[in-house]
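Quick notes on the structure that follows.
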Amino acid sequence: MCLNPGDILRDRYQIIEVLGRGGFAVTYKAVDLDERGENRLCAVKEIAQPQSTDPRVLERAEQLFEREARTLRLLSDRPQIPAFIEHFHQENSPFYIVQEYIDGHPLQEEFMSDRRWTEEQVIELLRDILEILAFVHQNNVIHRDITPSNLIRRNSDEKIVLIDFGAVQEIGTIEITASGKTRTTTIGTPGYTAPEQLNGQPRLCSDIYSVGLIAIQFLTGVHPIELPQDPRTGERIWNYSLPNRPMLHVNQRLANILNKMVRYHFNHRYQSATKVLRHLDAPPLPWKWLPIAIAPAVTIGAIAIDSNNIFPSKPGLVFQDGLSAGEEILFANSRPWSKRKGVEEFAALNSQQALKKFKESWHKEFGKDPETLVYANNAFLDVNNIPYYTIAVALPIGSRNPDSPNHMSDRAKEVLRGVAQAQTEVNLALAKSKGDRDFPGQGFLKGNAINNVKGLKVVIADDANDESEAKKIASLLAKQPEILAVVGHTNSEMTMAAVDEYERNNLVAISSGASTEELTSEPKSFSFDSIYEQFNS
Numbered sequence: 402m403c404l405n406p407g408d409i410l411r412d413r414y415q416i417i418e419v420l421g422r423g424g425f426a427v428t429y430k431a432v433d434l435d436e437r438g439e440n441r442l443c444a445v446k447e448i449a450q451p452q453s454t455d456p457r458v459l460e461r462a463e464q465l466f467e468r469e470a471r472t473l474r475l476l477s478d479r480p481q482i483p484a485f486i487e488h489f490h491q492e493n494s495p496f497y498i499v500q501e502y503i504d505g506h507p508l509q510e511e512f513m514s515d516r517r518w519t520e521e522q523v524i525e526l527l528r529d530i531l532e533i534l535a536f537v538h539q540n541n542v543i544h545r546d547i548t549p550s551n552l553i554r555r556n557s558d559e560k561i562v563l564i565d566f567g568a569v570q571e572i573g574t575i576e577i578t579a580s581g582k583t584r585t586t587t588i589g590t591p592g593y594t595a596p597e598q599l600n601g602q603p604r605l606c607s608d609i610y611s612v613g614l615i616a617i618q619f620l621t622g623v624h625p626i627e628l629p630q631d632p633r634t635g636e637r638i639w640n641y642s643l644p645n646r647p648m649l650h651v652n653q654r655l656a657n658i659l660n661k662m663v664r665y666h667f668n669h670r671y672q673s674a675t676k677v678l679r680h681l682d683a684p685p686l687p688w689k690w691l692p693i694a695i696a697p698a699v700t701i702g703a704i705a706i707d708s709n710n711i712f713p714s715k716p717g718l719v720f721q722d723g724l725s726a727g728e729e730i731l732f733a734n735s736r737p738w739s740k741r742k743g744v745e746e747f748a749a750l751n752s753q754q755a756l757k758k759f760k761e762s763w764h765k766e767f768g769k770d771p772e773t774l775v776y777a778n779n780a781f782l783d784v785n786n787i788p789y790y791t792i793a794v795a796l797p798i799g800s801r802n803p804d805s806p807n808h809m810s811d812r813a814k815e816v817l818r819g820v821a822q823a824q825t826e827v828n829l830a831l832a833k834s835k836g837d838r839d840f841p842g843q844g845f846l847k848g849n850a851i852n853n854v855k856g857l858k859v860v861i862a863d864d865a866n867d868e869s870e871a872k873k874i875a876s877l878l879a880k881q882p883e884i885l886a887v888v889g890h891t892n893s894e895m896t897m898a899a900v901d902e903y904e905r906n907n908l909v910a911i912s913s914g915a916s917t918e919e920l921t922s923e924p925k926s927f928s929f930d931s932i933y934e935q936f937n938s
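Basically the numbering used here = 1-based index in the sequence shown + 401.
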């Protein structure tokens with residue numbers, strides 16, 4: 402049976418269009434014309450009957466259909482699995498399952514071989530899929546066909562929704578063997594299917610294998626079917642170089658996790674999605690903070706500030722000016738969904754919701770993004786109406802200088818880690834006094850909280866490692882009276898470009914990376930460059 406647009410199935414579901422077509426099933430987009438008059442959209446899956454007319458095959462198909470329908474109904478309690486509406490079958494006709502229609506697009510549409518995803522994006526995707534998979538596996542269900550085409554990015558919240566469980570599609574493949582037993586054809590997609598599943602023995606960790614390959618695909622820009630295999634071990638080889646493709650520099654911990662997800666033998670793989678999530682969420686060891694160089698700088702800034710400025714006025718937010726206290730993401734390669742939502746809420750002056758989203762992002766992030774930590778601190782101060790000092794940190798985040806080394810943004814992030822740690826040390830005791838039990842930093846700074854009645858707010862500035870931009874940033878910072886000190890810039894050239902602006906406006910500036918003699922040959926009343934040298938002598 403083939404349905405056409407306008408056809409009405411079961412006097413209730415009016416077909417709109419075909420959403421997808423496979424070897425044994427067709428999925429339609431339809432309108433539910435039930436008596437409530439809601440006209441909600443739904444997805445109707447039509448599963449072909451087995452070709453055999455043997456009564457044993459048809460009986461087995463009915464049993465499998467009822468079992469899988471019960472499973473889908475059970476799983477549909479999860480927000481990231483389509484809600485189950487109903488299932489039905491009439492003699493000599495296909496099997497039908499009706500589920501919620503997900504307004505979104507397949508993840509496959511986001512894959513481009515010439516654009517690799519960042520590690521942060523891949524980790525966010527992994528976490529999104531694995532959280533669904535953990536629930537599915539807790540119910541002892543194997544999906545069997547996890548591919549980018551069966552992962553839908555929902556438009557309303559950008560969350561991933563898992564569709565098209567493979568066992569349902571096996572109904573159309575049932576046949577009788579020579580020994581008189583029924584069997585089904587293996588369901589799966591070339592490139593993503595685990596070796597044991599190809600042999601007809603799928604396991605829970607077969608799904609983990611598929612998810613690992615999806616992550617590798619988006620990280621490398623290479624489709625799994627194109628990945629070579631070690632002829633001796635069968636292991637997938639995914640991080641290699643070609644004349645026109647250099648080897649990727651991947652965080653070793655992430656590489657280890659991916660390698661274990663896609664091991665050839667199932668016994669060597671992660672056995673549960675929950676275990677993978679635990680490894681993703683484990684804090685990096687060691688965490689590359691820079692407290693030696695940065696915390697003293699923040700302290701000097703606090704000593705030099707005007708004590709009358711502890712209740713700063715809140716200036717109107719200005720966007721795309723290279724400055725952000727939480728209203729913009731400056732590190733373009735760190736944009737997980739919760740962080741983006743937090744920034745949107747902060748920009749809309751909804752500090753309570755912003756804090757919630759920043760915390761959510763922080764607790765889920767791999768590598769613990771310091772920009773998120775700074776923004777969470779700032780939102781916390783606003784929510785609790787705590788008086789605070791404000792400092793800025795100027796960094797080469799988005800380089801506009803073609804001669805800049807590729808690692809400048811990484812260096813900027815490492816310096817920001819130190820500032821974020823110092824800020825958290827100042828604010829942590831205040832958070833505890835407010836009963837904020839999930840305030841970021843409590844896990845790694847338990848003994849370092851500074852007892853204080855005032856908080857510390859940090860404004861991040863991007864000098865783009867460009868002298869003209871550094872001057873502009875210095876001018877913008879100097880015009881904001883609530884900013885009492887600047888940490889940065891991270892090299893001598895940017896410091897020299899900005900220092901006169903700070904000097905003219907009596908703004909304390911501490912450069913932890915400047916080593917030029919010009920700063921010492923012409924002493925500045927409000928600029929310090931000796932911290933870096935002091936801790937490296």
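C-beta atoms are modelled at their ideal positions from N, C-alpha and C, and glycine is treated no differently.
The structure displayed is predicted, hence computed values, not measured ones.
- The segment 410-419 makes no contact with the segment 527-535: fewer than 3 CB pairs, one atom from each, lie closer than 8 Å.
- DSSP places valine 542 in the coil class of the three-state scheme, outside both helix and strand.
- Using a C-beta cut-off of 8 Å, the segment 731-745 makes contact with the segment 514-524, since at least three inter-stretch Cβ pairs fall below that distance.
- About 16 Å separates the CB atoms of glycine 819 and tyrosine 776; that is not less than 8 Å, and the two are not in contact.
- In the DSSP assignment, the residues bridged to glycine 505 are Arg555.
- The beta-carbon distance between arginine 670 and cysteine 606, rounded to whole angstroms, is 5 Å. This is short enough to meet the 8 Å contact definition.
- Under the three-state reduction of DSSP output, threonine 472 falls in the helix class.
- In this structure, DSSP gives aspartate 901 a helical state, which the three-state scheme calls helix.
- The Cβ atoms of isoleucine 884 and threonine 791 sit closer than 7 Å to each other.
- Taking 7 Å as the cut-off, the Cβ atoms of valine 562 and isoleucine 553 count as close.
- Within its own chain, the residues whose Cβ lies closer than 8 Å to the Cβ of asparagine 540, once the five positions on either side in sequence are excluded, are Thr472, Leu475 and Leu476, listed in chain order.
- By the Cβ-count criterion, lysine 835 is exposed, with fewer than 16 other Cβ atoms from all chains shown falling within 10 Å of its own Cβ.
- For lysine 765, the closest C-alpha among the options Thr454, Ser725 and Trp738 is that of Trp738.
- Judged by DSSP in its simplified three-state form, lysine 740 adopts helix.
- Proline 456 and asparagine 600 have their alpha carbons spaced roughly 27 Å apart.
- Straight-line spacing of the CA atoms in phenylalanine 619 and valine 523 works out to 7 Å.
- Using a 10 angstroms sphere on the CB of glycine 505, the tally of other CB atoms reaches 16 or more, which defines it as buried.
- Contact fails between the segment 613-632 and the segment 569-576, because fewer than three Cβ pairs, one in each stretch, are under 8 Å apart.
- Judged by DSSP secondary structure, alanine 910 falls within the beta strand (DSSP E) whose first and last residues are 909-911.
- If the five residues before and after leucine 678 are omitted, its C-beta is found closer than 8 Å to the C-beta atoms of Arg528, Leu531, Glu532 and Ala535, all from its own chain and listed in chain order.
- In terms of Cβ geometry, glycine 856 and tyrosine 903 do not form a close pair [threshold 7 Å].
- At a Cβ-Cβ threshold of 7 Å, isoleucine 798 and aspartate 867 do not count as neighbours.
- In the assembly as shown, isoleucine 638 is an exposed residue. Its beta-carbon has fewer than 16 other beta-carbons within 10 Å.
- A Cβ-Cβ distance of about 5 Å is found for the pair alanine 795 and histidine 890, placing them in contact under the 8 Å criterion.
- In the three-state scheme derived from DSSP, where H, G and I count as helix and E and B as strand, cysteine 403 is classed as coil.
- Look at isoleucine 575 here: in three-state DSSP terms it is coil, with no helix or strand label.
- Here the segment 442-462 lies against the segment 413-428, with 3 or more beta-carbon pairs under 8 Å apart.
- Within its own chain, the residues whose Cβ lies closer than 6 Å to the Cβ of alanine 821, once the five positions on either side in sequence are excluded, are Pro771, Leu774 and Val775, listed in chain order.
- In this structure, DSSP gives arginine 516 an extended state, which the three-state scheme calls strand.
- Take glutamate 870, set aside five residues on each side of it, and the residues of its chain with a beta-carbon closer than 8 Å to its own are Gly723, Arg801, Asp863 and Asp864, in chain order.
- In the structure shown, threonine 791 falls within a strand segment according to DSSP collapsed to helix, strand and coil.
- Under the three-state reduction of DSSP output, threonine 773 falls in the helix class.
- Judged by their CB atoms, isoleucine 503 and proline 483 are nearer to each other than the 7 Å cut-off.
- Relative to the Cα of isoleucine 874, the nearest Cα in the group Ala899, Lys858 and Asn853 belongs to Ala899.
- Per DSSP, the continuous beta strand (DSSP E) segment holding tyrosine 429 begins and ends at 426-433.
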